[in-house]
Amino acid sequence: MTSDYRCIYYLAVSLDGFIAAPDGGLDWLLQFPADGADYDGFYCGIGSLVMGRATFDWVREHGEWSYGDKLTAVVTNRPIDAAPGAAFPVAGTPAEILAALAARGAPGPVWIVGGADVAGQFLDAGLIDEIDLQYAPVAIGAGIPVFAGRTLPPLELQWTRAFATGFVEARYRVPRPA
Numbered sequence: 103m104t105s106d107y108r109c110i111y112y113l114a115v116s117l118d119g120f121i122a123a124p125d126g127g128l129d130w131l132l133q134f135p136a137d138g139a140d141y142d143g144f145y146c147g148i149g150s151l152v153m154g155r156a157t158f159d160w161v162r163e164h165g166e167w168s169y170g171d172k173l174t175a176v177v178t179n180r181p182i183d184a185a186p187g188a189a190f191p192v193a194g195t196p197a198e199i200l201a202a203l204a205a206r207g208a209p210g211p212v213w214i215v216g217g218a219d220v221a222g223q224f225l226d227a228g229l230i231d232e233i234d235l236q237y238a239p240v241a242i243g244a245g246i247p248v249f250a251g252r253t254l255p256p257l258e259l260q261w262t263r264a265f266a267t268g269f270v271e272a273r274y275r276v277p278r279p280a
């Protein structure tokens, strides 16, 4: 499957491969400075977002909506009360979710924020073009795995860079089947 959008799965991950604690918490990540990696540089280059309902609820419970007025498709079957910014609920396949963004005139590229289930659906549909992992300098022992038991074809490393905070960023291209 192809899309007119370039979709990027950008996320922080522990050294042992988890994106959240078993309870979905991010305390392991929040102990680091907010500028631990070049989030601002990445965010400025993003046109719109897709995030799962659990991620959406977590963000709303833990501070202000930090995604401004960028169109954000929240994957859910439940209504959203007082959606912040330009967030809107959407249900369907990954292709239908991208079509809902396109119908609203959303610019790309699209950041697949997560969580793991939503990102996995986009991976399974062949709609992730790049995976940008921000490795945090910590192991948490257990939690929600970055790829939730999925296997991936060999990824093509585009580049890496290290930060003084101990974070290491690795950008991969997801190859398309021949």
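End of the sequence shown = 280 in the working numbering, gap-free, step of one. From the three backbone atoms N, C-alpha and C, an ideal C-beta is built for every residue, glycine too.
Using a threshold of 8 Å, state whether the C-beta atoms of R275 and E258 are closer than that.
-> yes
Could you check where the beta strand (DSSP E) with Y237 kicks off and where it finishes?
-> E232 to A238
Flag this pair as yes or no: are the beta carbons of F120 and G245 separated by less than 8 Å?
-> yes
Can you tell me which of L229, T262, P256 and G243 puts its alpha carbon nearest to the alpha carbon of S116?
-> G243
Burial state of E163, where buried means 16 or more other Cβ atoms lie within 10 Å = exposed
Spatial neighbours of T262 in its chain, beta-carbon cut-off 8 Å, leaving aside the 5 residues before and after | V270, E271, A272 and R273
How far does the beta strand (DSSP E) with V212 in it reach, from first residue to last?
-> V212 to G216
Start-end ranges of the alpha helix (DSSP H) lying completely within the stretch 129-189, minimum 4 residues | 129-132, 141-146 and 155-163
Have a look at R206 and L113 and give me their C-alpha separation to the nearest angstrom.
-> 25 Å
Cβ pair I148, E232 closer than 8 Å = no
With respect to the beta strand (DSSP E) encompassing I199, which residues constitute its N-terminal and C-terminal limits?
-> Counting along the chain, I199 falls outside any beta strand (DSSP E), though it belongs to the alpha helix (DSSP H) covering P196 to A205.
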